[in-house]
Amino acid sequence: MAKITQQKFRLALGQFATGVTIITARNEDGVPIGMTANCFASISLDPPLVMWSIDNASPLYDELAAASHCAIHILGDDQQALSHRFAQDADDKFNGLSIRSGIADLPLLDQHITLLQCEVVDRHKSGDHLIVIGQALDIQHESGNPLLYFSGEYRRLRT
Ligand SMILES: Cc1cc2nc3c(=O)[nH]c(=O)nc-3n(C[C@H](O)[C@H](O)[C@H](O)COP(=O)(O)O)c2cc1C
Numbered sequence: 002m003a004k005i006t007q008q009k010f011r012l013a014l015g016q017f018a019t020g021v022t023i024i025t026a027r028n029e030d031g032v033p034i035g036m037t038a039n040c041f042a043s044i045s046l047d048p049p050l051v052m053w054s055i056d057n058a059s060p061l062y063d064e065l066a067a068a069s070h071c072a073i074h075i076l077g078d079d080q081q082a083l084s085h086r087f088a089q090d091a092d093d094k095f096n097g098l099s100i101r102s103g104i105a106d107l108p109l110l111d112q113h114i115t116l117l118q119c120e121v122v123d124r125h126k127s128g129d130h131l132i133v134i135g136q137a138l139d140i141q142h143e144s145g146n147p148l149l150y151f152s153g154e155y156r157r158l159r160t
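Residue numbers (our numbering): 2 to 160.
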């Protein structure tokens, strides 16, 4: 059987279209932290559980892995610039953005089509990622078209 190289694996899995989220939390000093993540999925209705995952090479790994709560912002198709901003290794990701305080002082962004505020109830190390499982404590849901990610590029629904 042909060896599965990382490049081949990436290319193949890139064929799975996803939405795009921004995960936010506070680090132990109370500073807002956040990253763009498309590895996000629903798990359970009762209780309402979702999951996302973080690369253990991410500079934010320790801080996000330790967070007791997280906010998941599902982005709309006009929020690509924000996705790009939160996918950079930068200290000033929140500069100039208005932040509301949520459950457990979660830093909430205004930009989303759905916002989940979660308590982290489980974590699983798997390969080079950590899977974080959150129980939704609050949901804010608006209508709007999602930002999509497919084959390494942002896409929009053809409506
Ligand atoms: C569309 C998109 C989806 C991403 N999804 C994930 C993800 O699910 N998990 C992850 O660890 N990194 C993901 N990343 C990469 C992180 O967003 C990025 O490495 C990180 O935010 C860089 O910031 P940091 O260096 O401060 O961690 C994604 C990037 C993009 C552009």
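For every residue, glycine included, the Cβ atom is placed at its ideal position computed from N, Cα and C. Keep in mind it's a predicted model, so treat the numbers as computed, not measured.
Q: Report the three-state DSSP secondary structure of Ile-168 (helix, strand or coil).
A: Because the chain here runs from 2 to 160, residue 168 falls outside it and cannot be looked at.
Q.
Taking a contact to mean a Cβ-Cβ separation below 9 Å, would you say Arg-171 touches Ile-132 in this structure?
A. Residue coverage of the chain in this structure runs from 2 to 160, which leaves residue 171 outside it and unanswerable.
**Q.** Segment limits, beta strand (DSSP E) that includes Ser-152
**A.** Translated into the one-based positions of the sequence shown, residue 152 becomes position 151. Looking at the DSSP string, Ser-152 is not in any beta strand (DSSP E), and its letter there is neither H nor E.
Q: Under 7 Å Cβ to Cβ from Leu-148, same chain only, skipping five residues before and after it: list those, please.
A: Numbered from its first residue, the sequence shown carries residue 148 at position 147. Beyond the five residues adjoining it in sequence on each side, Leu-148 comes within less than 7 Å, by CB distance, of Gly-20, Val-21, Leu-76, Gly-77, Asp-78, Gln-80, Gln-81, Ser-84, Tyr-155 in the same chain, given in chain order.
Q. For His-142, which residues of its own chain have a beta-carbon under 6 Å away from its beta-carbon, when the five flanking residues on both sides are left out?
A. For this step, residue 142 is matched to residue 141 along the sequence shown. Correct list, in chain order: Thr-115.
Q) How long is the line joining the alpha carbons of Gly-103 and Ala-26, rounded to whole angstroms? A) As a position in the sequence shown, residue 103 is number 102, starting the count at 1. As a position in the sequence shown, residue 26 is number 25, starting the count at 1. So the two alpha carbons sit approximately 10 Å from each other.
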